Amino acid sequence: MRYKPSKDDIIVATYPKCGSTWTMQIVSLILRRGQPLLTSEEYQSHVRYLEDTTMEEISKMKRPRVIKTHLPFDRVNFSKDTKYIYVARQPADCIVSYAHFVRMFPDFLTTRRNC
Numbered sequence: 001m002r003y004k005p006s007k008d009d010i011i012v013a014t015y016p017k018c019g020s021t022w023t024m025q026i027v028s029l030i031l032r033r034g035q036p037l038l039t040s041e042e043y044q045s046h047v048r049y050l051e052d053t054t055m056e057e058i059s060k061m062k063r064p065r066v067i068k069t070h071l072p073f074d075r076v077n078f079s080k081d082t083k084y085i086y087v088a089r090q091p092a093d094c095i096v097s098y099a100h101f102v103r104m105f106p107d108f109l110t111t112r113r114n115c
């Protein structure tokens with residue numbers, strides 16, 4: 001992975017469906033002293049998903065950068081100066097949350113894909 005965390009980055013690491021979006025909103029509100037981000041463009045300038053973002057997009061983010069990831073910790077470049085927030089959730093709750101999530105995308109379960 002080409003991403004190298006800087007000392008003012010904040011990484012939110014979770015297993016999928018464990019509360020990363022909720023945590024990202026909390027971190028964003030803390031950094032903005034309670035002022036909400038009003039548009040998705042404003043949110044995207046502060047908060048990004050590592051697996052779905054190019055290095056160019058990350059370099060253009062406002063600092064401190066808030067980056068979320070579902071990658072295993074050993075797959076993310078570590079920096080002792082970077083702040084990491086790990087969110088854990090009871091596994092059964094993750095499964096139930098994921099089941100509800102995929103119901104919003106019926107083609108996801110019925111379309112055959114060659115991966």
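If you count the sequence shown from 1, position 23 lands on 23 in the UniProt record's numbering, and the numbers rise without skipping. Backbone N, C-alpha and C fix where the C-beta goes; we use that ideal spot for every residue, glycine too. Being a predicted model, the structure only gives us computed values, none of them experimental.
Residue i, buried or exposed, once every other Cβ within 10 Å from all chains shown has been counted against 16
| i | result |
| --- | --- |
| valine 12 | buried |
| valine 47 | buried |
| threonine 39 | exposed |
| serine 59 | exposed |
| methionine 24 | buried |
Contacts around residue i, its chain only, beta-carbon distance under 6 Å, and the 5 residues preceding and following it disregarded
| i | result |
| --- | --- |
| arginine 65 | Asp9 |
| aspartate 107 | none |
Residue i vs residue j beta-carbon contact at 9 Å
| i | j | result |
| --- | --- | --- |
| tyrosine 3 | isoleucine 67 | yes |
| serine 6 | threonine 53 | no |
| lysine 62 | serine 79 | no |
Cβ-based neighbour list, residue i, same chain, cut-off 7 Å, excluding 5 preceding and 5 following
| i | result |
| --- | --- |
| lysine 17 | Cys94, Ser97, Tyr98, Phe101 |
| leucine 37 | Ser28, Tyr43, His46 |
| asparagine 77 | Met1, Tyr3, Lys4, Pro5 |
Beta-carbon separation (whole angstroms), residue i vs residue j, contact threshold 8 Å
| i | j | result |
| --- | --- | --- |
| leucine 71 | glutamate 51 | 7 Å |
Sequence-distant residues of its chain with Cβ nearer than 8 Å to residue i (five each side left out)
| i | result |
| --- | --- |
| tyrosine 49 | Ile67, Lys68, Thr69 |
| isoleucine 19 | Isoleucine is not the amino acid found at residue 19; the sequence shown has glycine there. Around glycine 19: Val87, Arg89. |
field: Contact the segment 83 to 94 vs the segment 30 to 45: 3+ CB pairs below 8 Å
entry: no
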